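Those protein sequence lines, which keep their order, are chains A and B. Residues in the first sequence are numbered consecutively from 1, following my numbering. Residues in the second sequence are numbered consecutively from 1, following my numbering. For each residue, glycine too, the CB sits at the ideal point set by N, CA and C. Just so it is clear, the structure is predicted and the values come from calculations on it, not from any experiment.
Protein chains: 2
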Amino acid sequence: MKGRWETQLRKGVVELAVLAAIARGETYGYRIVEELRALPGLELTESTVYPVLTRLAGEGLLAIRAEDSPTGPTRRYYRLTADGTRRLQGMAAEWTRVTGSLKGLLEGGPQ
Amino acid sequence: MKGRWETQLRKGVVELAVLAAIARGETYGYRIVEELRALPGLELTESTVYPVLTRLAGEGLLAIRAEDSPTGPTRRYYRLTADGTRRLQGMAAEWTRVTGSLKGLLEGGPQ
DNA sequence: CCTTAGTACTACGCGATACATAGTAGCGGG
DNA sequence: CCCGCTACTATGTATCGCGTAGTACTAAGG
C-alpha cells in the first residue's frame with residue numbers, strides 16, 4: 001500500500017515511466033497500465049496512467065491510432081512523436097541529474 | 001529554471017534529500033538549504049526545505065537544538081532520531097526500487 | 001545613526017498531480 | 001441473461017514544491 005510519501009515520490013516519475021515504456025515500441029493503454037502496475041516502486045493504476053497519456057498526447061508527444069482488439073473493445077495504440085522522443089531525452093537527462101545527486105547524498109557518508 | 005514536470009518530480013524527493021543530508025552529521029537549516037540548492041537536479045529553496053524540516057521534526061524524525069551563530073542569528077541544528085534513521089532506511093529502499101524500475105524501462109530498449 | 005549585505009528563519013496562496021472511487025462499454029463463455 | 005476480463009473515462013481529495021513577501025541578527029561602511 002502506498003503511503004503519503006510514496007505518492008508524492010511518484011509525481012513526475014509517472015510521466016517519465018510512461019514515455020519510456022512507449023519508447024520501447026508502440027503499445028496500447030491497458031498494456032502500459034499492466035506493465036507499469038507490475039514494476040516495484042511504481043505500481044501505477046489506470047486513474048493515473050490514462051490521464052497522463054491524455055496529457056502527453058495533448059502536448060503532441062504521442063501519436064495515437066485505434067485498432068480492434070481480439071479480446072475486448074477497441075485498443076488505443078501509442079507511439080512517440082519526434083517531439084515526444086526529444087522530451088523523453090530531456091527528461092531522462094534530468095532524471096539522471098536528480099538520481100546522481102541523491103546517490104551522492106545517500107552514499108556520501110559523514111562529512 | 002524549473003518547469004512543471006521538474007517541480008512534480010521533486011515532490012517526495014525533497015524529504016529523502018533532507019534526511020540524507022542530515023544523516024551525514026548534525027547540521028543547521030541554512031546550511032542544508034545551501035547544500036541542497038547547489039545539487040544538480042535538486043536546486044532546493046528555503047520555502048521548500050524549512051517546511052520539510054518542520055514536518056519531519058513534527059513527526060519525531062529529527063532532534064533539534066539551538067546554538068548561537070558567530071555570523072548571524074541563532075542557528076537551529078538538526079540530527080536524526082532513531083525513528084528518523086529507520087525512516088530514512090525505508091525511504092532509501094523505496095527509492096532504490098523506483099530508480100531500479102526506471103532504469104529497466106529507460107535501458108530496456110525495444111521489447 | 002542609517003544602510004547594505006549576508007546569515008537564518010517564517011508564512012502563505014497557487015497550481016499540479018497521484019490516488020481511490022465509480023463508473024461505461026466490448027467480448028466470450030456459461 | 002450474468003459474469004469475468006479487457007479497455008477506457010471521469011471526478012473529487014489531499015498533498016506539497018514554488019514563488020513571493022516578509023522578520024530578525026550581525027558586521028561593515030558611510
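- So, is the C-beta of A:ALA17 closer than 7 Å to a C-beta in chain B? As a position in the first sequence, residue 17 of chain A is number 17, starting the count at 1. Output row for A:ALA17: interface = yes.
- How about B:LEU61: is its Cβ closer than 6 Å to a heavy atom in the ligand NAD? For the structure depicted, the ligand NAD is absent and the ligand set is empty, with no information on it obtainable.
- List the residues of chain A that B:PRO40 touches, going by C-beta distances under 7 Å, in chain order. Start at 1 with the first residue of the second sequence, and residue 40 of chain B comes out as number 40. Residues of chain A passing the Cβ test: ARG97, GLY100, SER101.
- Message: Using only the alpha-carbon positions, how far apart do B:THR27 and A:ARG24 sit?
- Response: The sequence position of residue 27 of chain B within the second sequence is 27, counting from 1. The sequence position of residue 24 of chain A within the first sequence is 24, counting from 1. Each residue's Cα considered, the two are about 44 Å apart.
- Query: Who are the Cβ neighbours of A:ARG79 in its own chain at under 6 Å, not counting the five residues just before and after it?
  - Reply: Position 79 of the first sequence, counted from the first residue, corresponds to residue 79 of chain A. GLU26, ALA63.
- Item | Opening and closing residue of the beta strand (DSSP E) in which B:ALA20 lies | As a position in the second sequence, residue 20 of chain B is number 20, starting the count at 1. No beta strand (DSSP E) holds B:ALA20; the alpha helix (DSSP H) holding it covers 13-23.
- Message: Taking the alpha-carbon of B:LEU61 as reference, which of B:GLY41, B:GLY3, B:GLN89, B:THR99 has the nearest alpha-carbon?
- Response: Numbered from 1 along the second sequence, position 61 holds the residue referred to as residue 61 of chain B. Comparing Cα-Cα distances from B:LEU61 to each of B:GLY41, B:GLY3, B:GLN89, B:THR99, the minimum goes to B:GLN89.
- Message: Only counting the same chain, and skipping five residues up and downstream in sequence, which positions put a Cβ closer than 6 Å to that of B:ASP83?
- Response: In the second sequence, counting from the first residue as 1, residue 83 of chain B sits at position 83. Once the five neighbours on either side are set aside, the close Cβ partners of B:ASP83 are GLY60, LEU61.
- Query: Using a C-beta to C-beta distance shorter than 7 Å, which residues of chain A count as neighbours of B:LEU106?
  - Reply: As a working note, residue 106 of chain B is residue 106 in the second sequence. Per Cβ cutoff of 7 Å: ALA20, ALA92.
- Query: On the three-state DSSP scale, how would you describe B:LEU62?
  - Reply: As a position in the second sequence, residue 62 of chain B is number 62, starting the count at 1. The answer is strand: DSSP assigns B:LEU62 an E or B state.
- Item | Per-residue burial, B:THR96 [other beta carbons within 10 Å of its own, 16 or more giving buried] | Sequence index remark: in the second sequence, residue 96 of chain B carries index 96 (1-based). B:THR96 is exposed by the Cβ-count criterion.
- Using a Cβ-Cβ cut-off of less than 7 Å, list which residues of the stretch 65-82 of chain B approach chain A; keep chain order. none
- Task: Would you give the residue range spanned by the beta strand (DSSP E) that A:LEU42 belongs to?
- Result: What you label residue 42 of chain A is simply residue 42 of the first sequence in a count that begins at 1. Here A:LEU42 belongs to no beta strand (DSSP E), and DSSP marks it neither H nor E.
- Would DSSP call A:THR7 helix, strand or coil? Sequence index remark: in the first sequence, residue 7 of chain A carries index 7 (1-based). Helix.
- Spell out the partners DSSP gives A:TYR30 in its beta bridges. Taking the first residue of the first sequence as position 1, residue 30 of chain A is located at position 30. Note: A:TYR30 sits in no beta bridge, so no partner.
- Message: Using C-beta distances below 7 Å, list every residue in its chain close to B:GLU35, excluding the 5 sequence neighbours before and after it, in chain order.
- Response: Against the second sequence, residue 35 of chain B aligns to sequence position 35. If we look at B:GLU35 and ignore the five residues flanking it on each side, its Cβ neighbours are ALA21.
- Item | B:LEU9 to B:ARG37 span [Cα, whole Å] | The residue labelled residue 9 of chain B in the question sits at position 9 within the second sequence. The residue labelled residue 37 of chain B in the question sits at position 37 within the second sequence. Approximately 16 Å, taken between the alpha carbons.
- Query: Quick one: what's got a C-beta closer than 7 Å to A:ARG76's C-beta in the same chain, skipping five residues either side?
  - Reply: For this step, residue 76 of chain A is matched to residue 76 along the first sequence. Answer for A:ARG76: TYR28, GLY29, ILE64, ALA66, listed in chain order.
- Task: Could you tell me which chain A residues have their CB closer than 7 Å to the CB of B:GLU6, listed as they occur along the chain?
- Result: Sequence index remark: in the second sequence, residue 6 of chain B carries index 6 (1-based). Residues of chain A passing the Cβ test: GLU94.
- Counted within 10 angstroms of its Cβ, other Cβ atoms place B:GLY104 as buried (16 or more) or exposed: Stepping through the second sequence from its first residue, residue 104 of chain B is reached at position 104. Answer is exposed; the Cβ neighbour count stays below 16.
- Message: DSSP has B:ARG79 in a bridge; who is on the other side?
- Response: As a working note, residue 79 of chain B is residue 79 in the second sequence. Its beta-bridge partners are B:ALA63.
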